[in-house]
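Undergrad: Counting along the sequence shown from 1, when you hit position 49 you're at 88 in my numbering, and nothing is skipped either side.
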Amino acid sequence: MPPSPTRSDAPIKEMLLRIFVAPAALEPTVGFYEILFGQPCRLRFSYPEKRLELASVASGNGSVLIIAGEAADLVPFQATQMTLHVRSLDASRAALQALGAVELEAPKRVPTGRNMRMRHPDGLVVESLDGAAGADPA
């Protein structure tokens, strides 16, 4: 069995729970989590190609990624239950495949870096992202 990674070289930098809301619910939902976590929204961006608005609120104990859009626009994203911010998408891809995960979407450019989707051996569908939070590398 390989040695466990130390905190500084762990492949996952952050885990974000996805919350899907209608556009009118974005502001109240962000406000709720800002109060609950005691932290301001740290990331907000539009994804016009997909007709979505996204925001993230984090604390030392957890993070949420709020995805707002009309019901039909949210459907393609709702099967993905979690987002993992990783140090290296390529290294994560290789490690996940070696562990039996199945690639659902190959790495591609998105507004915050590059992402991919994998189905873990337990059935969990996860987006992995290697961009800098809040940055638009395009």
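No residue lacks a Cβ here, since even glycine has one placed at the ideal position from N, Cα and C.
Treat the numbers as computed from the prediction; the structure is a model and nothing was measured.
Excluding the 5 residues flanking A145 on each side, which residues of the same chain have their C-beta closer than 7 Å to its C-beta?
TA: Here residue 145 is taken as the residue at index 106 of the sequence shown, counted from 1. For A145, where only same-chain residues beyond five positions count, the Cβ hits under 7 Å are M155.
Undergrad: Tell me the DSSP secondary structure of S127 in three-state form.
TA: Working through the sequence shown from its first residue, we reach residue 127 at position 88. If DSSP states are grouped into helix, strand and coil, S127 belongs with coil.
Undergrad: Measuring straight from C-alpha to C-alpha, what distance separates P62 and L128?
TA: In the sequence shown, residue 62 corresponds to position 23, counting from 1. In the sequence shown, residue 128 corresponds to position 89, counting from 1. Distance between the alpha carbons of P62 and L128 is about 30 Å.
Undergrad: Less than 7 Å separating the Cβ of R132 from some heavy atom of the ligand FAD?
TA: This structure lacks the ligand FAD, and indeed carries no ligand of any kind.
Undergrad: Find the nearest neighbour of A130 within the set A107, A97, L168, L163, judged by alpha-carbon distance.
TA: In the sequence shown, the residue the question calls residue 130 occupies position 91. Measuring from the Cα of A130, the nearest candidate turns out to be L168.
Undergrad: Going by other Cβ atoms of all chains shown within 10 Å of its Cβ, with 16 needed for buried, is V141 buried or exposed?
TA: Within the sequence shown, the letter at position 102 stands for residue 141. The residue is exposed, with fewer than 16 neighbouring Cβ atoms inside 10 Å.
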